[in-house]
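In the numbering used here, each residue's number is its place in the sequence shown (first place is 1) plus 23. Everything on this sheet refers to the single structure shown next.
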Amino acid sequence: MRYHPLTGADREAMLAIIGARDFDELFTAATGAAPLEGDFGLPRAKSEIAVERHLSRLAEKNLSAARAPCFLGAGAYRHHVPASVDHLIQRSEFLTSYTPYQPEISQGTLQHLFEFQTQVALLTGMEIANASMYDGSTACAEAMLMAHRITKRRRALVSGALHPHYAAVAKTAARMAGDEIVQLPPDVTASEDLLGRIDDSLSCVIVQTPDFFGNLRDLSELSDACHRHGALLVAVFTEAVSLGAVKAPGDMGADIVVGEGQSIGNALNFGGPYVGLFATREIYLRQTPGRLCGETVDLQGRRAFVLTLSTREQHIRRDKATSNICTNSGLCALAFSIHLSLLGELGLRRLAHANHANAARLRDELKGLAGVEVLNETFFNEFTVRTPGDASKIVEALARRGVLAGVPVSRLLPGEGLDDLLLVASTELNTSEDRAALVAGLKELL
């Protein structure tokens with residue numbers, strides 16, 4: 024017997040209150056179009072094996088990152104994820120558990136989130152971190168809203184080298200809240216004048232390092248300027264592995280550090296799910312969105328874990344909550360924590376070194392190509408290349424040759440006159456053969 028939450032009488036009563044004669048009229052009013060009719064030319068039924076074969080043929084039309092030399096980046100990076108990570112997160116006690124609405128009986132979940140928070144705080148050079156967020160872009164928007172609450176100001180200055188997706192999410196949040204965002208034009212070479220734009224009206228300055236174009240930035244002077252004007256510095260990253268090599272944003276004076284943790288423990292997965300990292304200073308604990316797990320002792324003096332802070336709309340704060348985030352990407356956070364635990368500090372540093380070394384080798388090989396210009400003076404594992412002509416056409420041509428050459432800047436920043444720019448990322452997975460394939464392909468095309 025199927026479970027139907029509404030009876031026919033229930034539906035009729037609801038439609039009567041709305042003023043619709045039937046479901047079709049309700050649907051038309053909501054969408055502006057009548058419901059489609061017919062079978063859409065699809066077959067009525069196929070066997071399971073026939074469907075599998077058909078879907079496999081469709082999937083083979085896509086050139087995945089695992090099947091070709093891959094230099095894609097721009098916020099999502101291909102790294103090696105040890106088999107032990109997937110094995111552990113697929114244990115039933117991890118895979119089937121969800122957000123701990125009765126936290127005291129979810130000691131295992133709370134403990135791994137506590138360890139995750141500790142790792143994120145250490146990586147970012149901050150004092151506290153929350154139990155993760157949806158992804159880096161929403162974490163960035165939450166940081167902006169948090170800065171508004173702290174400073175009682177509603178105006179944010181955004182670097183022109185912030186990842187376009189992150190900027191778009193922040194703008195959406197600002198528009199819905201009636202806040203103001205001032206975003207500088209695209210900044211390919213890290214030459215924008217953020218210092219000259221800081222004044223007493225700003226709640227925060229949002230800047231990324233390594234930035235969207237791959238440039239590394241020293242945030243120390245920017246942090247001092249923000250604090251002189253009573254604003255907060257929000258530091259963003261999209262490549263978590265970089266924190267194994269570069270100076271932590273917290274050590275450069277950042278007040279809030281947010282970013283994407285996909286690079287550690289999480290595969291590309293065609294865009295998600297990912298895990299947002301959020302860290303800040305302890306003085307701002309009460310304004311931090313999401314949840315924080317803490318350590319305590321029980322009545323017998325044994326180590327125990329609790330939800331120390333949970334200012335979510337689903338809990339007692341409701342409309343006074345600091346955030347309406349409804350999950351903490353728990354399984355992705357666990358994968359991050361397991362992978363980082365396996366690496367350890369020394370392993371993460373070695374991984375970061377391997378990434379930078381591979382990217383430096385690729386930079387040197389590309390600099391030898393006529394018509395190709397590498398624009399970055401400093402970078403971690405990603406940099407910007409100027410190509411002779413439309414970079415998107417070059418990428419498509421190389422994909423047909425079995426090489427994923429990178430991400431055309433115009434794909435994420437259309438209409439900005441940056442059609443000849445290509446973002447190229449090289450991680451520990453790129454071999455000398457991969458680099459040779461890219462260089463050879465470019466030589467043939469150019």
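Think of the CB as a built atom: it goes at the ideal place given N, C-alpha and C, for glycine as much as any other residue. Being a predicted model, the structure only gives us computed values, none of them experimental.
Distances from the CA of residue 360 to each of 64, 43, 145 were compared; the closest alpha carbon is that of 145.
For residue 316, the uninterrupted beta strand (DSSP E) run begins and ends at 314-320, by DSSP.
In the assembly as shown, residue 275 is a buried residue. Its beta-carbon has 16 or more other beta-carbons within 10 Å. When DSSP states are grouped into helix, strand and coil, residue 97 belongs to the coil group.
Where residue 290 is concerned, there is no enclosing alpha helix (DSSP H), because DSSP gives it neither an H nor an E. If you ignore the 5 residues before and after residue 386, its C-beta comes within less than 7 Å of the C-beta of 397, 406, all in its own chain and listed in chain order. Taking all protein chains in view, the Cβ of residue 39 is surrounded by fewer than 16 other Cβ atoms within 10 Å, so the residue is classified as exposed. Between the alpha carbons of residue 237 and residue 128 lies a distance of about 44 Å. A check of alpha carbon separations from residue 281 across 438, 162, 358, 433 identifies 162 as the nearest. The beta-carbon separation of residue 245 and residue 269, rounded to 15 Å, does not stay under the 8 Å limit for a contact. Comparing C-alpha distances from residue 222 to each of 250, 212, 215, 199 shows the shortest one belongs to 250. For residue 40, the uninterrupted alpha helix (DSSP H) run begins and ends at 31-41, by DSSP. The C-beta separation of residue 232 from residue 186 comes to about 12 Å, leaving the pair out of contact by the 8 Å criterion.
Here residue 165 is buried, its C-beta having at least 16 other C-beta atoms within 10 Å. Shortest Cα-Cα distance from residue 392 to any of 460, 457, 267, 465 involves 465. Cβ-Cβ distances below 7 Å link residue 189 to 159, 160, 163, 259 in the same chain, with the five nearest sequence neighbours on each side left out; the list follows chain order.
At a cut-off of 3 residues, the continuous stretches assigned as beta strand (DSSP E) that sit fully inside the stretch 391-466 are 405-409, 444-448. With a 10 Å radius around the Cβ and a threshold of 16 neighbouring Cβ atoms, residue 156 comes out buried.
If you draw a straight line from the Cα of residue 196 to the Cα of residue 435, it is about 19 Å long. Excluding its 5 nearest sequence neighbours in each direction, residue 97 has C-beta neighbours in its own chain below 6 Å: 430, 446, listed in chain order.
Between the beta-carbon of residue 264 and that of residue 399 there is about 17 Å, and that puts the pair past the 8 Å contact cut. Per the Cβ contact rule, the stretch 172-183 is in contact with the stretch 201-211 (3 or more Cβ pairs under 8 Å).
Three or more Cβ pairs drawn from the stretch 281-291 and the stretch 89-109 lie within less than 8 Å of each other, which places the two stretches in contact.
Between the C-alpha atoms of residue 235 and residue 73 there is a straight-line separation of about 43 Å. Put simply, of 459, 401, 440 the residue whose alpha carbon is nearest the alpha carbon of residue 425 is 459. The alpha-carbon of residue 85 is positioned some 10 Å away from that of residue 422. For the 8 Å CB-CB criterion, residue 366 and residue 93 do not form a contact. Contact between residue 49 and residue 43 holds, with the beta-carbon distance rounding to 4 Å and staying under 8 Å. When DSSP reads this structure, residue 303 sits in a beta bridge with 151, 279.
Nearest to residue 402 by C-alpha distance, out of 178, 363, 113, 239, is 239. Among the bridge pairs identified by DSSP, residue 178 is matched with 203. Residue 140 is a Cβ neighbour of residue 154, given a cutoff of 8 Å. With contacts defined by Cβ atoms closer than 8 Å, residue 363 and residue 118 do not form a contacting pair. Bridge pairing for residue 327: 319 [DSSP]. With fewer than 16 neighbouring CB atoms inside 10 Å of its own CB, residue 347 falls in the exposed class. Membership of residue 112 in the alpha helix (DSSP H) is indicated by the continuous run 106-112.
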